Amino acid sequence: MHRALIVVDVQNDFCEGGSLAVTGGADVAAAITELIGQATPGYRHVVATRDHHIDPGPHFAHPPAAPDYETTWPVHCVAGTEGVGFHPNFAPAVASGAIAAVFDKGAYEAAYSGFEGRDENGSGLADWLRERGVTEVDVVGIATDHCVRATALDAAREGFRTQVLLDLTAGVAPHTTARALEDLRTAGVGLTGAPVLGGA
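Shown next, in the form of structure tokens:
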């Protein structure tokens, strides 16, 4: 029985300066890297998820259409662009070899949960974790109210004991983050700390 850390979408486009920037994203990226660099963080495995869009259809609000920031979004994390890359504050963790696998999601459709992604070998996250004896997961990353929420809910549905380390997450907006936290509590997901929050 092992524990894993799932790092959700710590990418350039989701941090300050990106096309879908979440306030506090860069600081969250640095804090996650610090956690991973600790001598005894208690994780047998660390994995990351990544939005990796090619043509996700109506997930993108193309001008002149305006995004609603709940189901439609500005163009972001397009394959082959700088925006899809991991944020520089997370780069030391990646460069260190600490990230055992990266799960890309959303190539041709909207995908919020890391459990919808596949690694370079085509494996899904749930199977990857089970094959390595993981029974507990902690979830961190961006954004609390969207992809972190979806990933944690799916982790719980898949039978993993799940906790979200909210201090290491950043939320898009207070009202959607509050709703997400209620959804997570209802699903039995453990919550510690408080998320970084953007504007209303």
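Sequential numbering from 207 applies to the sequence shown in this note's numbering. C-beta atoms are modelled at their ideal positions from N, C-alpha and C, and glycine is treated no differently. No experiment lies behind these values; they were computed from the predicted model shown.
key: Limits of the unbroken beta strand (DSSP E) element including H381   = Where H381 is concerned, there is no enclosing beta strand (DSSP E), although the alpha helix (DSSP H) it sits in stretches over 380 to 392.
task = Would you tell me roughly how many angstroms separate the C-alpha atoms of A406 and R250, rounded to the nearest one?
result = With a pLDDT of 44 at A406, under the threshold of 50, the predicted position of this residue should be treated as unreliable, though the coordinate-derived value follows. Looking at the two C-alpha atoms, the distance is approximately 38 Å.
Spatial distance of E315 from E288 (CA atoms) = 20 Å
key: Limits of the beta strand (DSSP E) - the one that E342 falls within   = 340 to 348
query = Curious, which full-length alpha helix (DSSP H) runs of at least 4 residues does the segment 264 to 336 contain?
reply = 297 to 301
Residue range of the unbroken alpha helix (DSSP H) whose run includes R363 = 355 to 363
query = Taking three-plus beta-carbon pairs below 8 Å as touching, is the segment 367 to 384 in contact with the segment 394 to 405?
reply = yes
query = Smallest Cα separation from G243: which of F220, P280, P270, I305?
reply = I305
query = Are there three or more Cβ pairs, one per stretch, closer than 8 Å when the segment 383 to 396 is compared with the segment 362 to 369?
reply = yes
Helix, strand or coil at A406 [DSSP, three-state] = Low confidence applies to A406: its pLDDT is 44, below 50, so where it sits in the model is not reliable, and the reading given next is rough at best. Looking at A406 - three-state DSSP - the assignment turns out to be coil, as it is neither helix nor strand.
key: Alpha-carbon to alpha-carbon, V346 and H381   = 19 Å
inquiry  = Using 7 Å as the threshold, is the C-beta distance between T255 and V281 below it?
reply    = no
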